[in-house]
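These protein sequence lines map, in sequence, to chains A and B. If you use our numbering, the first sequence corresponds to residues 3 to 439, in order. If you use our numbering, the second sequence corresponds to residues 3 to 439, in order. Where is the CB? At the ideal position from N, CA and C, for every residue including glycine. Below is one structure; the comments refer to it alone.
Protein chains: 2
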Amino acid sequence: MSENNNRPIRVALLGAGTVGSQTARLLVEQSDELASRIGRPMELVGVAVLDPSSVTDPWIERSLLTTDAAELASRADIVIELIGGIEPARTFLLTAIESGASVVTANKALLAKHGPELYEAAARQGVDIYFEAAVGGAIPIVRPLRESLVGDKVLSVMGIVNGTTNYILDEMTTKGIGFDEALRDAQAKGFAEADPTADIEGHDAAAKAAIMALLAFHTDVRIDDVPVEGIAHITAGDIAAASAEHKVIKLLAVVEQTDAGISARVYPALLDETHPLATVHGSFNAVFVKAEAADDLMFYGRGAGGAPTASAVVGDVVTEARHIAQHSLGPVIPIYANLPKAPLNASKAAFAVRFLIHDRPGVLTAIAKEFSDREISINGVNQDIKPTQHDPGYSGEVQQLRIVTHLCDEITLRDAVKAVSQLDAVTGDASIIRVLN
Amino acid sequence: MSENNNRPIRVALLGAGTVGSQTARLLVEQSDELASRIGRPMELVGVAVLDPSSVTDPWIERSLLTTDAAELASRADIVIELIGGIEPARTFLLTAIESGASVVTANKALLAKHGPELYEAAARQGVDIYFEAAVGGAIPIVRPLRESLVGDKVLSVMGIVNGTTNYILDEMTTKGIGFDEALRDAQAKGFAEADPTADIEGHDAAAKAAIMALLAFHTDVRIDDVPVEGIAHITAGDIAAASAEHKVIKLLAVVEQTDAGISARVYPALLDETHPLATVHGSFNAVFVKAEAADDLMFYGRGAGGAPTASAVVGDVVTEARHIAQHSLGPVIPIYANLPKAPLNASKAAFAVRFLIHDRPGVLTAIAKEFSDREISINGVNQDIKPTQHDPGYSGEVQQLRIVTHLCDEITLRDAVKAVSQLDAVTGDASIIRVLN
Chain A
3 MSENNNRPIR VALLGAGTVG SQTARLLVEQ SDELASRIGR PMELVGVAVL
53 DPSSVTDPWI ERSLLTTDAA ELASRADIVI ELIGGIEPAR TFLLTAIESG
103 ASVVTANKAL LAKHGPELYE AAARQGVDIY FEAAVGGAIP IVRPLRESLV
153 GDKVLSVMGI VNGTTNYILD EMTTKGIGFD EALRDAQAKG FAEADPTADI
203 EGHDAAAKAA IMALLAFHTD VRIDDVPVEG IAHITAGDIA AASAEHKVIK
253 LLAVVEQTDA GISARVYPAL LDETHPLATV HGSFNAVFVK AEAADDLMFY
303 GRGAGGAPTA SAVVGDVVTE ARHIAQHSLG PVIPIYANLP KAPLNASKAA
353 FAVRFLIHDR PGVLTAIAKE FSDREISING VNQDIKPTQH DPGYSGEVQQ
403 LRIVTHLCDE ITLRDAVKAV SQLDAVTGDA SIIRVLN
Chain B
3 MSENNNRPIR VALLGAGTVG SQTARLLVEQ SDELASRIGR PMELVGVAVL
53 DPSSVTDPWI ERSLLTTDAA ELASRADIVI ELIGGIEPAR TFLLTAIESG
103 ASVVTANKAL LAKHGPELYE AAARQGVDIY FEAAVGGAIP IVRPLRESLV
153 GDKVLSVMGI VNGTTNYILD EMTTKGIGFD EALRDAQAKG FAEADPTADI
203 EGHDAAAKAA IMALLAFHTD VRIDDVPVEG IAHITAGDIA AASAEHKVIK
253 LLAVVEQTDA GISARVYPAL LDETHPLATV HGSFNAVFVK AEAADDLMFY
303 GRGAGGAPTA SAVVGDVVTE ARHIAQHSLG PVIPIYANLP KAPLNASKAA
353 FAVRFLIHDR PGVLTAIAKE FSDREISING VNQDIKPTQH DPGYSGEVQQ
403 LRIVTHLCDE ITLRDAVKAV SQLDAVTGDA SIIRVLN
């Protein structure tokens, strides 16, 4: 607590996009308030951007702008990295850490690929690395996993951690529209990028799953360890069938400890309407945690957007500034457990599989045979819900056949679906959605 | 990070009730795992109880038991206080702090009454005080307010922070039973104490409101600053009327910043069924936070119970043990803002007021006159919902009259309700429930 030195704590900001701009605003507009909370003044000493002329925010003084991120980082106590991507972000962060600065980042792609090296570099140098904004935007989920639950045993984490896909699925559910229309709507409203691939194919959620799995299980998990299924094959007919069963379809990042090891995955899943995650609408995110002693926990809020994400970034900056004012340190990220990674088909699951078929005599028999040949037991078959004109491959002739399995091996299931898809009477893309209880 | 000394960090536990017992279990059963997370072993050096012969938990070694809490506390690095109440808990904590130990407590009553003295003593001595379990049990809400949101401006916090009252209201809602029956059911199932006063009159929630208000607004707020309304007057008829409007009744701890100052209150409120807090069932707790940049956040989980509360306690213990291993410190609790406290009637609100009446000619006119005389504008009057045999004062003769006001001054509203209650045709207790949007 002894602190004679009252010089301002120097903060460098790398990147002034949507989040960077709002981060600068909070740091500048609330500087007196933040100084009171820290017990020492804090000063934004520079903002590094590629093109200073593009920055027009009234709260960013022109004189703070620079194109030399490395030089700026070298004269700061805390470096905030909001440029995104792997390089040059990784080099900037490592250089800042080596020079003794603590770092705050929202860069999920970087952490999911090189997190352990960064965590280890920070621990070695005796500086901190904070990244609350990298998962779930404004929602405190990193700090609960690093600190609040550190006395407990995390069993599983299930998160709606991508706002774009949740918005699309929620629009399809509430408005009965198809995937393409919902995606265009999301793009028009700014909830989806012009190139939405990383979101709709689940790669963004996979990065967050890797980060959460490492924190939950103290084991080195990277994005390449996370199998991914996206939502592009989900139709209005799938949503209608789910609704008829009082279920909703959500894209989930699921991290869990099983008998076969730990697993981190991203897949669309059917959830009962009564599940707390089922009520997460629009672009909101939520993370549901099961722990041995704490039991069920849920964290809910805005998973993206400039101001919400900046709230998490500045929370980290102030936390770190307090450490600096107290000559103190935050927790290191211990990766000691080396738990095995469960093979893809280690756990059995139930699946809802939807085919589009031409309804000729013998079709159902042929399809059922592909399942029974592989010893996959069928729980229910349903042809009541019709495809709609919102769905790709729609024609009045095509029927929707939905098969819900009992627990089965995933690899075998995918093999059966592939075999069925090759039958003459089957058309279009099948969808495979996991059924959770 | 330099740490030559690898002697175990000594932890003393004061109290071995439901939470204390589970805390000891987690510390003992997970000791290897926790040592890995801390980077140094941690040892439970003693458990202080009034009657050692009453402790039969297999994970608590007999030799650790003592009746001398003060002596035990004097030989620990971290003292966990789980005995509850004001004294001797306060003296034990202050003595531990003075002797240089950091402390972890779940004692909401003590913190709501003497928190600022304890926070200041800890800051002065350069030790930490953690109390995640004091609000919301297993739910991380203290740490988010102290750290995650420290870069943001909290506008309001609305919490379902008492499991007993939420269980009672939820049973009344889902089963259509009356208050008395729901309370007996809660007692039978262990969700309510034999003497349920502190819960149903809202005092438990008020203590939590005071703690949250201090953290959110950096201002000295104590339990005596928190006006309280309980739920004992709420009838099955009130619940039925709410359901007919697609609303639910919840007992809320509400902490907010208004133009007139800050306020912390506990009251029953009508919430739309679509509000995230409306879906919090049974004895679960949830806290809904609005912040300037983060926007809406919600935290949900088990607000009570031995193991869930112990999860939060041990999370704090491990966090503090990491600080000790790093010669480091957690954040102090800055109380710098001295914001004014809003007077009771500073903000106008809408209310649903329910009277039990003998339906004679002129009754409605007489009642309406008491409102109009005080310039309280009425938004709706409803006599459709009948009282039920579940409700006190029920007889076939008695009707339920429900008046929903426009925004009005609360003191004037209470005056009108008092005047109406004295009319001849009015019987039983009225209920006054705030209408939130």
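Classify residue i: buried if its beta carbon has 16 or more other beta carbons within 10 angstroms, exposed otherwise.
i         : result
Lys420(B) : exposed
Leu409(B) : exposed
Asp375(A) : exposed
Leu346(A) : exposed
Ala173(B) : According to the sequence as given, residue 173(B) is Glu; it is not Ala. Burial call: buried.
Tyr338(B) : exposed
Ser23(A)  : buried
Arg324(A) : buried
Gln259(B) : buried
Ser379(A) : exposed
Please go through the same chain and pick out, in chain order, the residues whose beta-carbon is closer than 8 Å to the beta-carbon of residue i, but skip the five residues on each side of it.
i         : result
Thr367(A) : none
Ala2(A)   : Any property of residue 2(A) remains undetermined from this structure, which presents chain A solely from 3 to 439.
Leu185(A) : Ile170, Ala194, Pro198 and Ile202
For residue i, collect the residues of the same chain with a Cβ closer than 6 Å to its Cβ; drop the 5 residues on either side in sequence, then sort them by chain order.
i         : result
Leu171(B) : Ile251
Ile359(A) : Val365, Gln401, Leu403, Ala427 and Val428
Ala255(B) : Gly161, Val163, Ala207, Lys210, Ala211 and Val268
Ser512(B) : This structure cannot speak to residue 512(B), because chain B is shown only from 3 to 439.
Ile326(A) : Ile11 and Asp79
Roughly how many angstroms lie between the CA atoms of residue i and residue j, to the nearest whole one?
i         : j         : result
Asp443(B) : Thr69(B)  : The first residue shown for chain B is 3 and the last is 439, placing residue 443(B) beyond what the model contains.
Thr176(B) : Ala280(B) : 13 Å
Gly165(B) : Asp393(B) : 22 Å
Ala295(B) : Thr20(A)  : 13 Å
Met3(A)   : Gly128(B) : With a pLDDT of 36 at Met3(A), under the threshold of 50, the modelled position of this residue cannot be trusted; read the value that follows with caution. If I take the Cα positions, the gap works out to 6 Å.
Gly117(A) : Asp298(A) : 27 Å
Leu67(A)  : Pro336(A) : 36 Å
Asn384(B) : Ile405(B) : 7 Å
Val30(A)  : Pro310(A) : 16 Å
Leu272(B) : Lys249(B) : 6 Å
Ile85(B)  : Ile236(A) : 54 Å
Ala344(A) : Leu157(A) : 14 Å
Phe290(B) : Val257(B) : 10 Å
Ser56(B)  : Ser65(B)  : 14 Å
Thr414(A) : Asp386(A) : 26 Å
Ile179(B) : Glu275(A) : 25 Å
Asp417(B) : Phe353(B) : 13 Å
Glu5(A)   : Val51(B)  : Caution applies to Glu5(A), whose pLDDT of 43 falls short of 50 and renders its modelled position unreliable; the value that the coordinates give is listed next. Roughly 40 Å separates the two Cα atoms.
Lys191(B) : Asn287(B) : 17 Å
Anything in chain A within Cβ reach of residue i, meaning under 7 Å, just list it in chain order.
i         : result
Arg12(B)  : Per Cβ cutoff of 7 Å: no residues; Arg12(B) is ~16 Å from chain A at best.
Phe301(B) : Phe301
Val152(B) : Arg39, Gly317, Val320 and Thr321
Ala312(B) : Ala295
Residue i versus chain B: which residues are under 8 Å apart at the beta carbon?
i         : result
Gln24(A)  : Ala295
Gly263(A) : Near Gly263(A) there are no residues of chain B at all, since even the closest Cβ is about 17 Å away, more than 8 Å.
Determine the chain B residues that contact residue i at a beta-carbon separation under 7 Å, and present them in chain order.
i        : result
Pro43(A) : Here the premise fails: no neighbours, minimum Cβ distance about 14 Å.
Just the chain A side, please: which residues come within less than 8 Å of residue i by C-beta, in chain order?
i         : result
Lys155(B) : Gln32 and Glu35
Pro118(B) : Correct list: empty, because the minimum Cβ distance to chain A is about 16 Å.
Any beta-carbon of chain C closer than 8 Å to the one on residue i?
i        : result
Leu28(A) : Chain labels in this structure do not include chain C; the protein chains are A and B.
With a threshold of 7 Å on Cβ separation, who are the neighbours of residue i within its own chain once the five nearest residues in sequence on each side are excluded?
i         : result
Glu134(B) : Pro142, Val144, Arg145, Ala314, Gly317 and Asp318
His220(A) : Pro336, Ile337, Tyr338 and Ala339
Ser423(A) : Ala432
Arg92(A)  : Leu112 and His116
Could you name the residues of chain B that residue i contacts, counting a contact when the two beta carbons are closer than 9 Å?
i         : result
Ala18(A)  : What Ala18(A) touches in chain B: nothing, since even the nearest Cβ is about 16 Å away.
Ala184(A) : By Cβ distance, chain B contributes nothing, its closest Cβ being about 21 Å from Ala184(A), past 9 Å.
Ala215(A) : Ordered by position in chain B, no residue passes the 9 Å Cβ test against Ala215(A), which lies about 16 Å from the chain.
Could you work out which residues of chain A lie near residue i, taking near to mean beta carbons separated by less than 9 Å?
i         : result
Arg304(B) : Ala296, Asp297, Asp298 and Leu299
Residues of the segment 266–299 of chain A whose Cβ lies closer than 7 Å to any Cβ of chain B, in chain order: Pro278, Thr281, Ala293, Ala295, Ala296, Asp297, Asp298 and Leu299
Residues, ordered as in the chain, of the segment 131–149 of chain B that lie near chain A by beta-carbon distance below 7 Å: Glu134, Ala140, Ile141, Pro142, Arg145, Pro146 and Glu149
Short-range partners of chain B found in the segment 325–343 of chain A, where Cβ spacing is below 9 Å: His325, Gln328, His329, Ser330, Leu331, Gly332, Pro333, Val334, Pro336, Tyr338 and Ala339
Contact residues within the segment 53–83 of chain B, judged by C-beta distance below 9 Å to chain A: none
Cβ-based contacts, 9 Å cut-off: residues of the segment 194–207 of chain B near chain A: none
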